[in-house]
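Here's the structure, in structure tokens; my notes come after.
4 protein chains.
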Amino acid sequence: MTDSNTRKKLKVVTIGGGSSYTPEIVEGFILRHSKLPITELWLVDVEGGREKLEIVGQLAKRMVEKAGIKCTVHLSFDRKEALKDADFVTTQIRVGMLDARIRDERIPLKHGLLGQETNGLGGFAKALRTIPVILDICRDMERLCPNAWLINFSNPAGIVTEAVLKHSKIKTIGLCNVPIGMNKMVAEILGREEKDFLFPMVGMNHFIYGTNVWVDGEDKLQEVLNNLEYDAASKPVNIQDIPWQTEQIRHLGVIPCFYHQYYYSTSDVLEKQLHDYESNGTRAETVKAVEAELFELYKDKELTVKPKQLEQRGGAHYSDAACNLISAIYNNSHELMTVNVRNNGTIRNIPDNSAIEATCVVGTYGAIPLNFPELPPTVSGLVALMKSFEQMTVEAAVTGNYGAALQALTLNPLVPSGKVAKALLDEILEVNKDYLPQFFK
Amino acid sequence: MTDSNTRKKLKVVTIGGGSSYTPEIVEGFILRHSKLPITELWLVDVEGGREKLEIVGQLAKRMVEKAGIKCTVHLSFDRKEALKDADFVTTQIRVGMLDARIRDERIPLKHGLLGQETNGLGGFAKALRTIPVILDICRDMERLCPNAWLINFSNPAGIVTEAVLKHSKIKTIGLCNVPIGMNKMVAEILGREEKDFLFPMVGMNHFIYGTNVWVDGEDKLQEVLNNLEYDAASKPVNIQDIPWQTEQIRHLGVIPCFYHQYYYSTSDVLEKQLHDYESNGTRAETVKAVEAELFELYKDKELTVKPKQLEQRGGAHYSDAACNLISAIYNNSHELMTVNVRNNGTIRNIPDNSAIEATCVVGTYGAIPLNFPELPPTVSGLVALMKSFEQMTVEAAVTGNYGAALQALTLNPLVPSGKVAKALLDEILEVNKDYLPQFFK
Amino acid sequence: MTDSNTRKKLKVVTIGGGSSYTPEIVEGFILRHSKLPITELWLVDVEGGREKLEIVGQLAKRMVEKAGIKCTVHLSFDRKEALKDADFVTTQIRVGMLDARIRDERIPLKHGLLGQETNGLGGFAKALRTIPVILDICRDMERLCPNAWLINFSNPAGIVTEAVLKHSKIKTIGLCNVPIGMNKMVAEILGREEKDFLFPMVGMNHFIYGTNVWVDGEDKLQEVLNNLEYDAASKPVNIQDIPWQTEQIRHLGVIPCFYHQYYYSTSDVLEKQLHDYESNGTRAETVKAVEAELFELYKDKELTVKPKQLEQRGGAHYSDAACNLISAIYNNSHELMTVNVRNNGTIRNIPDNSAIEATCVVGTYGAIPLNFPELPPTVSGLVALMKSFEQMTVEAAVTGNYGAALQALTLNPLVPSGKVAKALLDEILEVNKDYLPQFFK
Amino acid sequence: MTDSNTRKKLKVVTIGGGSSYTPEIVEGFILRHSKLPITELWLVDVEGGREKLEIVGQLAKRMVEKAGIKCTVHLSFDRKEALKDADFVTTQIRVGMLDARIRDERIPLKHGLLGQETNGLGGFAKALRTIPVILDICRDMERLCPNAWLINFSNPAGIVTEAVLKHSKIKTIGLCNVPIGMNKMVAEILGREEKDFLFPMVGMNHFIYGTNVWVDGEDKLQEVLNNLEYDAASKPVNIQDIPWQTEQIRHLGVIPCFYHQYYYSTSDVLEKQLHDYESNGTRAETVKAVEAELFELYKDKELTVKPKQLEQRGGAHYSDAACNLISAIYNNSHELMTVNVRNNGTIRNIPDNSAIEATCVVGTYGAIPLNFPELPPTVSGLVALMKSFEQMTVEAAVTGNYGAALQALTLNPLVPSGKVAKALLDEILEVNKDYLPQFFK
């Protein structure tokens with residue numbers, strides 16, 4: 001993979017290529033072409049997404065042509081054709097489209113509960129829909145490109161990674177933009193550049209903690225904790241501006257991520273979400289409107305670069321993260337990145353075969369986590385609980401076992417157990433029936 | 001401790017001796033006198049409990065006299081005098097009396113939350129009040145009877161045991177009647193006698209699971225799980241008659257205890273508790289009325305045995321458990337009992353120095369847990385979370401650190417984090433001010 | 001298994017029934033008949049042992065008849081016939097007879113090395129010969145008596161137990177008399193009866209340590225260590241009278257077993273063994289002569305009880321241990337016994353699926369180890385090393401892999417690695433060729 | 001430490017500055033001056049080494065002057081003066097000089113035993129002498145330069161690192177050249193450049209294993225193992241040319257280091273060592289002669305660069321390793337290096353607070369190990385045993401406890417336990433009496 005003279009071909013396949021995000025990843029590949037000389041980029045989507053793929057695919061072709069790099073862009077609705085001999089496969093699929101996400105958020109809010117789209121109830125529903133499709137892709141890869149890397153950024157990225165690690169031999173890394181945002185936040189608080197410090201992070205996707213803030217040989221963790229920003233510029237747009245409980249946060253011993261507000265300020269986030277929902281509907285509905293506008297822009301045949309408006313779509317840094325990761329693997333650069341991989345003892349009180357998100361060294365071998373100190377009692381139990389929820393969710397998604405699914409919701413700290421959990425589960429299964437054949441055999 | 005010829009003295013001190021339960025433990029000692037020849041029984045209480053101790057103490061003296069055993073009953077308000085050269089010290093204290101418990105239950109219900117008196121919000125408040133007093137008793141014991149055993153059954157028994165294990169050298173075992181009730185329930189479900197099976201249990205106090213049901217060389221765990229009773233005769237009276245979520249329970253892989261209904265049927269228990277509260281007030285208020293009646297009975301100078309009515313008070317089997325435990329230690333009998341001790345690797349994903357409740361072998365060495373299989377993912381994370389809550393509660397109780405206390409409530413799955421948790425904490429600290437000097441220094 | 005009224009049959013099968021030890025186990029069953037009402041005792045042997053089985057079998061029949069108990073003794077050379085519907089199967093086989101043991105001891109002594117028959121070079125050779133036969137027995141049991149217990153006392157008992165645990169579903173417990181001897185030694189040193197103390201032991205077979213000496217609530221471990229006897233009456237006759245290195249032993253923090261002299265006084269034992277070998281030949285040759293005499297005695301048709309001379313044969317307490325173990329399982333008595341079972345986290349730095357020897361609670365469920373403190377650094381590494389040797393030996397015995405076999409000897413601290421280890425291995429394989437088909441495929 | 005504009009001073013102190021190796025480290029600092037702008041280099045030695053320090057110190061001054069860099073070289077016999085406000089302290093001390101090493105090697109050979117100078121008997125003696133002196137240096141550093149890094153390359157580097165980690169707050173990293181040699185060997189076997197692969201290593205100093213050989217996304221470990229060279233160009237000169245036992249090595253599952261020949265080919269190395277000893281005396285004596293020649297060269301006032309002859313002295317790459325390590329810390333470069341640090345769960349079956357040697361990421365935070373797969377059973381037990389030996393050696397060196405010292409030798413697989421171990425220990429203590437005040441109080 002390293003010797004670019006002998007290796008003529010470098011084939012990347014993007015599944016869910018019709019996504020409005022695609023221009024970002026295309027731009028990322030163009031900017032890195034000297035170090036990451038992709039020769040074929042395949043954008044793949046399902047028939048239901050034909051119109052979108054045609055629009056975004058033509059834009060991608062115009063962008064590549066404008067850049068003048070040696071790379072062919074292929075559009076395809078035949079996943080198998082595309083996967084043949086791929087080197088990297090990226091997945092950014094959304095099973096059930098934004099309409100499914102709207103339902104994911106509405107159901108809990110309707111019951112007066114948090115509509116967290118990743119580790120909460122929404123993420124649970126999304127995992128049930130997404131995991132079978134991702135495992136189907138893995139089955140194809142095992143035959144057509146068994147040595148390719150699967151770089152997944154479909155949410156819930158951690159749970160999806162765990163499913164692939166447990167149920168396929170395909171090499172995989174899961175990706176999220178939250179660690180990038182946290183690094184930026186720490187840089188702001190310290191008033192230092194990112195190259196000047198090391199901020200190792202470990203936990204699970206959307207549930208990650210920074211364990212140290214190494215600056216000039218000292219650990220400034222407590223200083224950062226004492227000045228933690230809940231409204232950092234780098235905070236994802238889907239996270240509410242809700243202050244931390246100062247006394248609790250300062251006693252954590254580790255630095256929480258933006259998504260921890262769901263667990264540490266549950267009552268406050270819920271209050272705000274319900275209020276927003278009454279005023280503006282769900283976040284998913286907003287996103288749907290933004291997307292429609294973006295596709296209108298993309299249709300413009302004069303457009304040959306990524307439009308500025310895309311940056312307001314959220315998901316910033318995702319394609320940077322993906323392109324950097326692929327480049328680090330390709331170039332065996334041993335760079336430090338925070339990604340989703342096999343636990344293997346890194347977090348000691350959860351199983352070895354779990355997926356974790358952790359700061360890793362990246363090269364042709366994939367991503368190897370750093371060694372971490374044991375998590376403090378303030379968070380170790382909560383991490384173990386969330387991992388149990390994730391394990392049960394993977395089991396339910398793969399087997400379609402109703403008991404496992406109910407167990408997952410019973411464990412989830414954002415869902416009250418008992419009749420409420422059961423009612424929510426039944427409603428989720430019912431409205432997602434078309435995407436959950438494993439439960440309706 | 002074994003040779004009754006050379007050992008003339010066997011001194012037991014019961015702190016909180018003015019409790020309405022005392023006649024039960026006195027009866028227990030009388031019934032076991034041939035195997036456990038106690039020569040001195042000291043009933044100790046604080047000045048504020050003088051009237052009760054006088055009443056119950058006179059009854060105890062009449063009971064012992066009637067039984068005709070060689071044992072002197074001493075009443076004392078001077079703990080130090082009583083502890084001198086004790087062999088066993090039992091603690092059944094209630095700091096703040098039943099009025100504090102009424103507040104413990106009222107505060108959460110007022111906020112529309114569960115008033116769980118042990119591991120929940122009520123138990124949290126009780127731990128903050130009780131731990132400093134128990135540690136004071138330990139300080140006295142370290143000087144006056146350093147080799148004595150402290151047998152604690154003040155709730156929350158697990159958290160109190162952890163505090164003693166971490167902050168004193170005194171040998172201690174924590175005691176609860178729930179395991180006895182669970183054994184009885186399994187016997188009913190199997191239609192077998194208790195001697196015919198082994199039902200090893202492990203977890204934490206009021207949060208314990210049976211891991212196997214060994215009958216005739218087979219493990220009938222799933223069979224018991226499929227027939228689990230939520231309304232067993234052996235269920236504590238303070239636990240609601242609320243059906244389990246069948247599909248979830250059958251998928252657990254271990255057998256939950258009665259108290260797990262708070263975690264597995266949260267919405268249902270809450271609904272019922274709020275309803276009961278509106279109709280009848282708190283459980284604590286009911287108990288207070290029952291107690292008043294009992295003390296009236298105790299005053300009767302003709303009464304020389306434990307009155308039948310005491311059995312309806314709840315807390316059945318507690319004194320049986322205590323007497324059996326003391327006898328097993330004294331006689332080095334290696335009997336199996338389920339008690340609270342140091343974890344020491346028994347549950348692998350919580351710290352070694354934690355308190356756990358587990359089936360143990362009991363003798364002059366105290367209680368040694370059996371080896372247990374690793375807990376399944378359905379429960380291992382929840383156990384780790386609850387242990388984190390307990391660790392933070394002990395830290396808060398010992399240090400009076402506000403951040404630690406808020407952390408504990410933030411972790412507790414029965415309390416919504418954020419402003420609500422903070423408001424609850426502030427109210428708990430305020431109304432318990434007289435018993436929480438560690439927070440008001 | 002518990003209700004003797006409804007259970008008419010209790011069938012025990014002893015494989016290797018022609019052993020000179022058999023009268024002991026027969027006597028054991030007779031003495032315990034009221035609690036352990038065996039109805040059928042099958043003594044099984046191979047054709048090559050026909051003469052011995054006939055002699056010892058007739059003695060067994062006379063003993064049972066004399067005792068007047070309701071039990072039929074069957075002699076059989078058809079293992080399958082015998083195993084059908086068995087409740088307990090005991091194995092006391094010696095693959096290759098005493099002649100193989102003579103070679104096991106001679107080969108190392110010839111090279112100037114220790115001839116340890118269990119965990120050393122001799123035990124290694126014996127494991128290679130014995131494991132395939134025991135696994136064949138397990139295959140038969142899986143079909144003919146899948147719920148029966150396999151009670152193995154063929155040496156190396158720990159390694160054989162590990163092979164069965166890893167490669168069969170048959171329930172098994174491995175048995176050794178060393179723990180019984182150690183308990184007796186501690187009783188002598190303390191001047192107390194065994195019922196007065198608890199001496200928990202953990203480690204591996206012939207490599208076990210006592211971790212505490214609980215007497216009257218105190219741990220007298222250091223006191224026992226300071227007075228440790230190397231020539232206790234309870235020491236096995238095959239262990240040399242060699243003093244411990246006092247300073248080293250007192251610094252151990254745990255109590256070694258008799259066999260640890262091979263590891264703690266290597267140079268001294270070797271010197272003595274080589275001297276004895278020159279004077280008297282191997283221990284195995286002595287044993288062979290003793291056995292011949294015993295069989296002469298057994299032929300006497302007037303003999304209806306176990307002859308006194310058998311007690312001098314060594315292996316004392318083995319049949320007591322076996323009978324007590326079977327009785328404890330049958331009667332679900334929860335007695336404490338020190339036997340070989342699955343590790344399952346008991347010793348933390350060796351694999352869960354390893355066999356360990358540990359003090360356990362015994363009942364119809366088999367044997368559950370107690371929880372133990374972490375082993376001190378003085379011994380934890382050596383235990384881990386010996387376990388590695390055992391793991392490699394099991395792998396070699398099951399697969400016939402030469403590399404695994406050479407690895408096992410390379411790891412063994414009693415064998416110098418390099419050319420010497422290879423030469424020894426080649427010689428062992430050669431002289432045992434007839435019993436090692438797995439290596440000569 | 002990162003901003004070279006604001007940081008005027010960069011002070012390095014080399015203790016044992018009179019060593020013949022010093023010109024190498026001086027050359028290393030000169031070559032890296034643009035990235036590692038050392039302003040003060042203090043060479044410190046004891047009075048007994050005055051002559052050597054004067055000679056080598058003058059050479060160092062001439063080298064620096066010739067190079068024309070801004071750096072002052074100070075010679076000092078006052079450690080405290082030198083340490084004041086140091087940034088980095090390197091230790092290359094040899095307590096007892098080469099004469100002590102000659103004795104370390106002679107004593108075992110005289111008894112017909114291996115004279116391994118690091119983890120064996122020689123290393124044991126060296127640890128007893130060296131640890132008290134290093135801890136004295138730490139005491140000084142704690143007062144005079146508490147934030148400085150201690151970079152130790154005095155052997156046994158792993159054991160010394162463990163002593164500092166356990167008994168001082170000074171930040172330390174231990175250094176060895178073996179990992180550099182192993183990387184070079186793998187490069188040769190693969191026929192690839194070092195930048196093309198990742199060869200993560202873990203274990204202990206002089207007892208380290210490569211766990212994977214990542215090339216182009218594949219693990220070529222078995223391929224390298226099948227072609228392992230015992231006589232690689234990169235092998236240290238003090239290691240014998242002795243072939244591996246091919247079958248055993250191929251079955252290891254990890255790649256051993258050169259020093260493993262002591263453990264895997266014990267009989268062969270011993271034979272060769274004894275032969276060499278008879279012909280040429282000890283390795284230490286050869287080294288002593290080479291050193292005398294070097295100092296003659298150093299005296300030449302015309303000499304202004306490191307003389308070529310030094311390269312034949314052995315210890316190649318040591319100063320490269322040291323300079324690279326200091327530069328990576330100073331520049332926060334996150335480079336991968338294999339050094340000695342706290343275990344912290346990296347190797348799971350040895351204590352967290354142990355020293356290990358492992359591939360780490362290096363920056364201003366020091367060295368953080370990568371996550372490693374669990375060691376296979378072929379080596380995990382031996383690693384645990386060697387760590388026990390190291391733990392006991394540290395305990396003996398710090399406390400002067402005779403029992404701990406005898407325990408260490410009893411555990412060491414290269415020393416036969418019993419009378420021989422005791423005799424060796426007594427002789428080692430006697431001849432090193434002047435350097436072991438802890439044992440002669």
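Protein chains in written order, with the UniProt record's numbering: chain A, 1 to 441; chain B, 1 to 441; chain C, 1 to 441; chain D, 1 to 441.
Where is the CB? At the ideal position from N, CA and C, for every residue including glycine.
Item checked: Span of the beta strand (DSSP E), counted from its first residue to its last, around histidine 74 of chain B -> 72-76
Check: If we count the other Cβ atoms within 10 Å of its Cβ and call it buried at 16 or more, is proline 351 of chain A buried or exposed?
Finding: buried
Check: Quick one: is glutamate 247 of chain C near chain D, going by C-beta distance under 8 Å?
Finding: yes
Checklist line | Contact set for lysine 272 of chain D: own chain, Cβ-Cβ below 7 Å, skip 5 residues either direction | finding: Gln240 and Ile242
Next item on the list: Within 10 angstroms of the Cβ of glutamate 51 of chain B, are there 16 or more other Cβ atoms? Answer buried if so, exposed if not.
Entry: exposed
Item checked: Inter-stretch contact at 8 Å, needing at least 3 Cβ pairs: the stretch 166-174 of chain B / the stretch 31-39 of chain C -> no
Margin query: Along the stretch 403-426 of chain B, where does the CB come closer than 7 Å to a CB of chain A? Name the residues.
Written below: Gly403, Ala404, Leu406, Gln407, Thr410, Leu411, Pro413, Pro416, Ser417, Gly418, Lys419, Val420 and Lys422
Checklist line | Within 8 Å, strictly: CB atoms of alanine 384 of chain B and asparagine 349 of chain B | finding: yes
Check: Roughly how many angstroms separate the alpha carbons of serine 319 of chain C and glutamate 24 of chain C, rounded to a whole number?
Finding: 6 Å
Item checked: Beta-ladder partner(s) of alanine 367 of chain D, from DSSP -> D:Val362
Note to self: Using only the alpha-carbon positions, how far apart do valine 290 of chain D and serine 279 of chain D sit?
What the structure shows: 18 Å
Check: Quick one: is lysine 220 of chain A buried, meaning 16 or more other Cβ sit within 10 Å of its Cβ, or exposed?
Finding: buried
Notebook entry, point to check: So which residues on chain C does threonine 378 of chain D lean against when the C-beta distance must stay under 8 Å?
Noted result: Ser388, Met392, Gln407 and Leu411
Checklist line | valine 178 of chain B, enclosing beta strand (DSSP E) - first and last residue | finding: Unbroken run through valine 178 of chain B is the alpha helix (DSSP H), 178-190; no beta strand (DSSP E).
Next item on the list: Quick one: list the residues of chain C neighbouring asparagine 344 of chain B, beta-carbon separation under 9 Å, in chain order.
Entry: Asn371, Phe372, Pro373 and Glu374
Checklist line | Counted within 10 angstroms of its Cβ, other Cβ atoms place glycine 191 of chain D as buried (16 or more) or exposed | finding: exposed
Note to self: Less than 8 Å between CB atoms is the rule here; does arginine 250 of chain A satisfy it with respect to chain B?
What the structure shows: yes
Margin query: Strictly below 9 Å CB to CB, what residues from chain C border leucine 429 of chain D?
Written below: The contacting residues do not exist; leucine 429 of chain D stays about 12 Å from chain C at best.
Margin query: With a threshold of 8 Å, are at least 3 pairs of Cβ atoms found where one atom belongs to the stretch 126-133 of chain D and the other to the stretch 186-203 of chain D?
Written below: no
Item checked: Straight-line Cα distance separating histidine 317 of chain D from cysteine 71 of chain D -> 23 Å
Next item on the list: Alpha carbon to alpha carbon, how far is aspartate 104 of chain A from serine 20 of chain A? Give it in angstroms, no decimals.
Entry: 20 Å
Item checked: Boundaries of the beta strand (DSSP E) in which residue 453 of chain A is found, first to last residue -> With chain A covering only 1 through 441, there is no way to say anything about residue 453 of chain A.
Next item on the list: Starting from isoleucine 107 of chain A, follow the alpha helix (DSSP H) in both directions and report where the run begins and ends.
Entry: 97-110
Notebook entry, point to check: Are glutamate 194 of chain A and asparagine 177 of chain A touching if we call contact CB-CB under 8 Å?
Noted result: no
Next item on the list: List the residues of chain D whose Cβ lies closer than 7 Å to the Cβ of asparagine 349 of chain C, in chain order.
Entry: Asn349 and Ala384
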